[in-house]
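Anchor point for the sequence shown: position 25 equals 25 in UniProt numbering, and the numbering is continuous, going up by one each time.
Just so you know, even glycine gets a beta-carbon here, dropped at the ideal spot from N, CA and C.
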Amino acid sequence: MNPTFRLAVLECDTPVAAVQGTRGSYGEVFRQLLAKGLTDLEDKGRISQLCLTKWDVVESQEYPKADEVDGILLTGSKHTAFANEPWIISLVEFVRNFSTTTKPIVGICFGHQIIGRALGAKVDKSPGGWEISVDKINVSKEGRDLLGVSSLALHQMHRDAVLDIPQGLVNLGSSPSCAIQGLYQPGRVLSFQAHPEFDGSIMTEILKSRHEQKIFDDQMLSDGTARAHSHHDGAFISARIWEFLLASQGRAR
């Protein structure tokens, strides 16, 4: 019987309407991403199964019980990770408490920032401003040791950032716009400022939506759209997330 990993996806937002209508919630988008990573592991002879549950932490403010899951993943969000809205405070507290278990935490964009905040880092507006669409990340020495590559191309969609590194963690990489592109501690935390779950279609719809909302001007829309369908390493990161989760699961047993 194949081992099963019970992953709770904490949905910190809903996709823009056009994406939700075709791809579902962010939990479903991550299910699709993680399926690609499983294919990569199967090609290497490592078989696992995913039991994914979705938890609305914004409206319903529902959370899994730590003893009923093997790990959690926090999605991205349009919301501000350093805000003090009640649901954000509750999410930070949940992550802080969950981090005391032996179970792994994965964070993406807003989720990466929430993890940073929960573990003591400063989170604020990024000095580099907006970072959008497919862009290059220069991987740190620690990141190269973990990921086996010197650079990554991944979708970005953020104006906020983690501004320092929590004690006991390392920074996985940087870009000209953002100095801390990921956080890592073996068996405990893996996070990325970028969006491995995005593809060209998702990015295009987000760019259009934010342009319509007057968040992005014409130049930002044009620049982001020109790179939206560029090659990106989302499937590669999916496999690395799986390796982290399964190694953590083995360590916990």
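Check, Outcome
"Just to check my reading of the structure: Ala-239 and Gly-37 have Cβ atoms closer than 8 Å, yes? What is that Cβ distance to the nearest angstrom?", "4 Å"
"Which residue's Cα is closest to the Cα of Phe-94: Trp-55, Pro-127, Ile-132 and Leu-245?", "Trp-55"
"Thr-136 lies in the beta strand (DSSP E); which residues open and close that run?", "In the sequence under discussion, the amino acid at residue 136 is Lys, which differs from the Thr named in the question. Where Lys-136 is concerned, the enclosing beta strand (DSSP E) stretches over 131 to 139."
"With H, G and I counted as helix, E and B as strand and the rest as coil, what does DSSP make of Leu-163?", "coil"
"For the stretch 186 to 205 against the stretch 154 to 163, are there 3 or more C-beta pairs whose distance is under 8 Å?", "yes"
"Cβ atoms of Phe-5 and Leu-245: under 7 Å apart, would you say?", "yes"
"Can you confirm whether Gln-61, when its beta carbon is compared against all beta carbons of chain D, has any partner nearer than 7 Å?", "No chain D appears in this structure, which consists of one protein chain only."
"Helix, strand or coil for Ala-252? Go by DSSP, reduced to three states.", "Since pLDDT at Ala-252 reaches only 46, below the 50 mark, its modelled position is unreliable, and the value read off the structure follows with that caveat. Ala-252 falls in the helix class under three-state DSSP."
"In terms of residue numbering, what span does the alpha helix (DSSP H) encompassing Ile-89 cover?", "86 to 98"
"Can you tell me where the alpha helix (DSSP H) holding His-112 begins and where it ends?", "110 to 118"
"Since Gln-181 sits in a beta bridge, which residues does DSSP pair it with?", "Bridge partners of Gln-181: none, in fact."
"Between the C-alpha atoms of Arg-144 and Gly-187, what's the straight-line distance to the nearest angstrom?", "17 Å"
"What residue range is occupied by the uninterrupted beta strand (DSSP E) comprising Leu-10?", "4 to 11"
"Just to check my reading of the structure: Thr-75 and Asp-13 have Cβ atoms closer than 8 Å, yes? What is that Cβ distance to the nearest angstrom?", "7 Å"
"Using a 10 Å radius around the Cβ and a threshold of 16 neighbouring Cβ atoms, would you call Pro-86 buried or exposed?", "exposed"
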